[in-house]
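If you read the sequences in order, they're chains A, B and C.
FYI, in the numbering used here the residues of the first sequence are 1 to 350.
FYI, in the numbering used here the residues of the second sequence are 1 to 339.
FYI, in the numbering used here the residues of the third sequence are 1 to 342.
To start, the structure under review is shown below, and the notes come after it.
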Amino acid sequence: MRWRFRRHKLAIVGSIVVIFFYTVVLFADFLAYAPPTESEAQRSLLAPQGIHWADHGRIDPYVYGFTGRRDPLTLKRVYTLDPTKKISLRLFAHGFPYRLFGLIPTDRHLIGVVGARTEDTLFVLGTDEQGRDLWSRLMYATRTSLIIGLAGVTIALFLGVLLGGISGFYGGGVDTAIQRVIEILRSIPTIPLWLGLAAALPNDWTIGQVYFAITLIISLIGWTELARVVRGRFLSLREEEFVMAAELAGSSQVRIILSHMVPSFLSHIIAATTLALPAMIVSETSLSFLGLGLRPPAVSWGVLLQQAQNVQALAISPWLLIPAIPVITVILAFNFTGDGLRDAADPYGH
Amino acid sequence: MAAADQPILNVRDLRTYFFREEGTVKAVDGASFEVFAGRTVGIVGESGCGKTVTAKSILRIVERPGRIVGGQIYLRRAAHNGQESTVDLATLDPDGAEIRRIRGGDIALVFQEPMSSISPVHTIGNQMVETVQLHTGLGASAAREQAIEMLRLVGIPKPERRIDEYAFQLSGGLRQRAMIALALGGHPRILIADEPTTALDVTTQAQILDLLRHLQAQEQMAIVLITHNLGVVAEMCDEVVVMYLGRVVERGPVDAIFHAPKHPYTRMLLRSIPSIHAAVRTKLPTIAGSIPHPFNRPRGCPFHPRCPDFMPGVCDQNEPELRAVSEGQAVSCFLYGAP
Amino acid sequence: MMGAGTSPDYLLEVRGLRKYFPIHKGFLRKLVGQVRAVDDVSFSIERGQTLALVGESGCGKTTTARCIIRAHAPTAGQILFRTDADTVVDVAQLPKRQLRPLRRQMQMIFQDPYSSLNPRKTLLDIVGEPLLVNGLKNRQERVARVADLLRLVGLQPEYMRRFPHAFSGGQRQRVGIARALALHPSLIVADEPVSALDVSVQAQILNLLQDLQAQFKLTYLFVAHDLSVVKHVSDRVAVMYVGQIVESAPTEALYTAPKHPYTESLLSAVPKPDPRLRAQRIVLEGEVADPAHPPSGCHFHPRCPYVLPVCRTEPPALEAIAPGHFVRCHRARELTLRGVGS
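This is the structure:
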């Protein structure tokens with residue numbers, strides 16, 4: 001099966017991208033250089049500062065500083081890039097403290113500003129309306145969104161395999177009951193359902209609780225797809241003669257399920273799960289985008305995109321839409337990978 | 001007329017190979033036989049012998065990666081002005097108009113599994129009327145009348161009602177009859193039947209074979225009957241072609257093949273089949289070994305690893321050719337002629 | 001045959017077996033009828049003998065076989081089996097817990113060599129599973145035993161490391177036989193074991209089955225539709241039609257002098273591999289009856305060439321017309337039917 005997977009070029013590319021993204025998840029703190037909540041009202045809506053890599057022939061990254069002046073018409077401070085101010089950057093610089101992998105205390109970040117003067121700022125992707133650095137927030141958002149996706153899929157997988165397996169293996173009344181439940185769940189329009197569930201979350205819940213609740217909500221829908229796949233496979237496997245032969249040999253039902261049936265559909269499950277992940281991510285992103293999912297100060301792709309909802313944002317500060325790029329990339333990557341896995345598991349589609 | 005002695009279909013040295021990634025499978029490797037009007041030729045063999053691929057090659061419906069790589073398939077056609085013409089089917093474009101006229105018109109095909117060859121979403125009538133119209137040019141209602149007649153001809157009771165039913169509404173035997181009616185819609189001169197009764201009960205099989213014999217007598221139709229069942233061959237066929245791993249190993253009149261078989265494979269095959277006349281609880285003589293995988297074709301004569309009359313140095317070095325040994329009987333074996 | 005107890009010669013005695021499948025229609029799945037797949041079947045098999053159950057599609061032979069090994073729970077009837085401990089148990093009534101140890105003594109060989117072996121397991125796993133599940137945990141012993149079994153069925157022990165897809169249909173069927181033999185059963189139910197095999201391979205497998213029977217004193221229930229095959233392996237034959245046994249007799253008697261019109265037409269319909277025997281055949285009218293809607297009276301009456309008015313109304317009972325020869329026909333004693341000679 002591995003061989004067949006390797007023939008699917010897109011799937012290889014997809015899986016590399018997926019691995020890359022999950023590396024970001026692990027190293028989010030390291031890759032960011034500003035705490036996600038640190039804001040400076042005076043720095044709001046700054047355009048991305050391009051990083052210049054070479055200075056006089058040597059590798060010496062730097063950015064141009066900002067010069068602020070008051071706009072005579074609006075009386076607001078306006079910042080523009082000033083080529084005369086060069087702010088040197090350093091790799092593995094010191095920055096705000098955090099725990100790597102949640103365990104190791106450190107304060108090293110991928111890049112940072114040499115010196116610590118307040119005017120020396122680094123905004124690789126610009127800032128949002130509250131003056132928060134977009135790049136750092138994007139790193140944390142990636143972590144949040146992908147973890148929710150993974151957690152949602154895990155719960156959906158558990159529920160799907162359990163209920164689908166029971167449905168397919170025992171058949172009869174149990175099967176009918178579970179199938180009707182699945183049909184009812186699937187026939188409810190998803191967005192109104194989420195709206196209802198999310199709006200029912202109490203306002204005073206902590207970020208962590210909201211996080212958990214959102215994950216649960218998303219996986220409550222996702223498990224139905226997996227359950228149907230699992231049920232279908234169980235139903236067809238149950239009729240196979242080698243299953244009857246195993247029963248005649250005296251194998252217990254548990255042994256038959258684990259030893260004979262599960263290996264047969266394991267690859268399908270892996271493929272179906274990989275394809276379910278992007279759906280989870282999109283769900284979370286959509287919910288948060290609509291303001292019903294995660295709320296500030298939590299960061300996720302959806303939360304970031306929520307702040308790009310108005311025309312003013314698009315016209316004046318288009319960099320606020322950059323978070324859409326990783327969303328699209330990750331979803332495509334997961335889809336290609338899942339396609340490749342599914343084709344490798346089952347090249348004849350039976 | 002001298003034409004009656006001429007075969008309608010003359011297959012010469014047909015070769016159809018499948019070019020797979022893992023290797024080339026020589027599904028048919030030099031098949032030659034003739035089909036005459038009003039007579040039945042049986043092509044018999046076990047799995048991998050190439051009998052179905054031969055039938056598909058004649059009608060040019062071999063799936064990729066297979067294709068005809070050699071040989072000729074001469075079909076005699078009656079032209080409109082009374083003249084006859086011969087066309088080599090192997091040279092025709094498989095998607096072209098001419099072969100499509102021939103399919104259903106001159107040569108029709110009946111499969112083993114009627115459920116998979118009759119469209120599940122069209123009624124029997126839909127398909128039959130389409131066939132009739134395609135090959136006769138009749139109008140819709142005249143074609144429908146003819147279709148009902150065909151259904152009656154094949155013994156389907158209440159054909160006026162059945163014509164509007166779907167394949168799944170008919171039982172196995174009736175479906176196979178409907179399939180035969182469908183095949184006959186264009187009044188073909190040759191009917192190729194690929195294992196037409198294998199999926200049927202033995203009493204239903206007897207009915208279908210009876211029907212085929214009856215239709216043959218009535219329409220003077222030639223039948224090419226492909227089967228692995230030697231009993232069916234003995235019941236139905238006038239000539240027999242025995243195939244093994246893509247080659248014709250023996251060919252001849254049915255009586256000669258059953259009572260004076262020449263090729264060791266034919267002889268051993270006949271002895272190893274269970275017979276209703278055998279004494280109770282007797283053991284059967286067997287052919288040693290098993291059919292080789294198509295990728296592991298033995299060198300020389302394909303049967304030599306299992307042959308009791310194997311001649312070292314001869315049978316494993318050269319491939320025997322099909323040679324006549326008596327009136328109408330030909331064998332492909334070095335026992336009957338040096339390489 | 002139907003004594004108060006089971007004769008010590010019989011390994012298996014089936015009495016009045018019935019298996020009905022309910023037909024549900026509609027959204028609420030109402031019961032609208034029953035398929036009487038097995039409808040009052042009785043027979044017995046002596047130890048070391050082979051009984052063949054023959055019939056066409058829908059006759060209930062496969063369902064009967066599956067009831068005997070309790071893959072289905074019978075609707076009614078008794079399946080009396082003489083265990084190795086020389087007690088007689090009714091397989092039909094046995095609670096599930098007691099069924100498992102009994103299963104060791106009756107095994108099944110399946111028709112399709114492609115679906116009866118798990119394609120993801122090696123031959124060692126497949127043939128060794130009955131051993132493993134029944135207590136032979138030691139791997140070395142298991143390997144040795146599997147090697148013995150493979151040799152018994154004509155396969156090389158080295159094959160045990162390979163997967164089923166590497167083998168031909170005939171070889172796979174041998175693996176299935178090896179698996180069935182692993183637990184030293186006394187009864188083997190063979191469900192069309194050679195129907196899916198090439199002609200030349202059929203002979204090999206039939207010979208193997210006979211050799212094994214002699215070697216291990218096995219008892220076979222041989223389910224088949226091919227009357228030619230059956231003649232080579234059976235001591236007794238029972239012909240089924242639409243869920244009932246219509247005739248059962250020793251093989252020789254059934255073939256040379258059948259007493260039921262259906263048996264006669266079955267024998268006549270089998271194509272004989274001899275072109276000189278294209279004799280007048282009895283070709284039946286109509287289709288095989290539908291077990292969900294069997295005809296009234298004698299189920300065979302719509303197709304029977306010898307039908308009388310009583311056949312349409314009165315179902316005939318299975319009666320003995322000679323020692324060991326049972327027929328279900330009103331006219332059994334008066335008809336002279338044509339069989340096949342040897």
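Think of the CB as a built atom: it goes at the ideal place given N, C-alpha and C, for glycine as much as any other residue.
Note that this is a predicted model, so its numbers are computed, not measured.
Query, Result
"What residues from chain C crowd round A:Pro-105, counting only those whose CB sits closer than 9 Å?", "What A:Pro-105 touches in chain C: nothing, since even the nearest Cβ is about 48 Å away."
"Are the CB atoms of C:Leu-181 and C:Leu-155 within a distance shorter than 9 Å?", "no"
"Quick check: what's the CA-CA separation for B:Pro-94 versus B:Arg-15?", "16 Å"
"So for A:His-109, helix, strand or coil by DSSP?", "strand"
"I'd like to confirm the pairing. Which residues does DSSP put opposite C:Phe-21 in its beta bridges?", "C:Val-35"
"Measure the Cβ-Cβ separation of C:Leu-209 and C:Ile-68 and say whether it is below 9 Å.", "no"
"Since C:Leu-51 contacts C:Arg-303 with CB under 8 Å, what's their CB separation in whole angstroms?", "Going by Cβ atoms, the distance from C:Leu-51 to C:Arg-303 rounds to 26 Å, so no, they are not a contact pair."
"Name the chain A residues whose beta carbon is nearer than 7 Å to that of C:Ile-69?", "Leu-248"
"Does DSSP classify B:Asn-296 as helix, strand or coil?", "helix"
"According to the Cβ coordinates, are A:Gly-126 and A:Leu-46 closer than 9 Å?", "yes"
"Ends of the alpha helix (DSSP H) at B:Asp-93?", "Note, B:Asp-93: premise wrong, no alpha helix (DSSP H); not H, not E."
"Alpha carbon to alpha carbon, how far is B:Glu-195 from B:Met-128?", "22 Å"
"Going along chain C in order, which residues have a C-beta closer than 7 Å to the C-beta of A:His-260?", "Asn-118"
"Applying a beta-carbon distance threshold of less than 8 Å, which residues of chain A neighbour C:Met-108?", "Met-244, Ala-245 and Leu-248"
"Would you call the CB atoms of C:Val-127 and C:Tyr-255 closer than 9 Å?", "no"
"Quick one: grab the DSSP three-state call for B:Ala-3.", "The predicted model places B:Ala-3 with a pLDDT of 47, which falls under 50 and marks its position as unreliable; any figure quoted below should be read in that light. Of the three classes helix, strand and coil, the one that applies to B:Ala-3 here is helix, per DSSP."
"Closer than 7 Å by beta-carbon distance: list the chain C residues that pair up with A:Ser-264, in chain order.", "Arg-120"
"Can you round the beta-carbon distance between A:Leu-134 and A:Trp-319 to whole angstroms, since I take them to be within the 8 Å contact cut?", "7 Å"
"Would you say C:Asn-138 reaches chain A, if we count a Cβ-Cβ gap shorter than 9 Å as a contact?", "no"
"Please confirm whether C:Tyr-159 has its beta-carbon closer than 9 Å to some beta-carbon of chain B.", "no"
"Nearest to B:Ala-97 by alpha carbon, out of B:Leu-209, B:Glu-113, B:Ser-117 and B:Leu-59?", "B:Leu-59"
"What's the call for C:Lys-25, buried or exposed, on a 16-neighbour Cβ count within 10 Å?", "exposed"
"Let's see if you can read the secondary structure: which residues bound the beta strand (DSSP E) around B:Met-243?", "239–244"
"My guess is that C:Val-270 and C:Leu-227 are in contact by the Cβ rule of under 8 Å, so how many angstroms apart are they, rounded?", "5 Å"
"At a Cβ threshold of 9 Å, is C:Pro-101 touching chain A?", "yes"
"Between A:Glu-183 and chain C, is any beta-carbon pair separated by less than 9 Å?", "no"
"Anything in the stretch 220–244 of chain A with a Cβ closer than 7 Å to a Cβ of chain C? List those residues in chain order, please.", "Glu-240, Glu-241, Phe-242 and Met-244"
"May I ask you to list, following chain order, the residues of the stretch 275–296 of chain A that have a beta carbon less than 8 Å from some beta carbon of chain C?", "none"
"Who are the Cβ neighbours of B:Gln-176 in its own chain at under 6 Å, not counting the five residues just before and after it?", "Pro-114 and Ile-208"
"Flag B:Gly-246 as yes if its beta-carbon sits less than 9 Å from any beta-carbon of chain C, otherwise no.", "no"
"Using the rule of at least 16 other Cβ atoms within 10 Å of the residue's Cβ for burial, across every protein chain shown, is C:Lys-96 buried or exposed?", "exposed"
"Comparing alpha-carbon positions, which option in C:Cys-311, C:Glu-285 and C:Ala-289 lies nearest B:Ile-156?", "C:Glu-285"
"To the nearest angstrom, report how far apart B:Gly-139 and B:Asn-10 are at their CA atoms.", "34 Å"
"Could you list which residues in chain A have their beta carbon closer than 8 Å to that of C:Asp-112, in chain order?", "Glu-241"
"Output the residue ranges of the beta strand (DSSP E) runs that lie fully inside the stretch 113–194 of chain B and measure 3 residues or longer, sorted by chain position.", "190–194"
"Label B:Met-1 either buried or exposed according to how many other C-beta atoms from any shown protein chain fall within 10 Å of its C-beta, with 16 as the threshold for buried.", "Legend: pLDDT at B:Met-1 = 40, less than 50; position of this residue unreliable, value from coordinates given subsequently. Under this definition B:Met-1 is an exposed residue."
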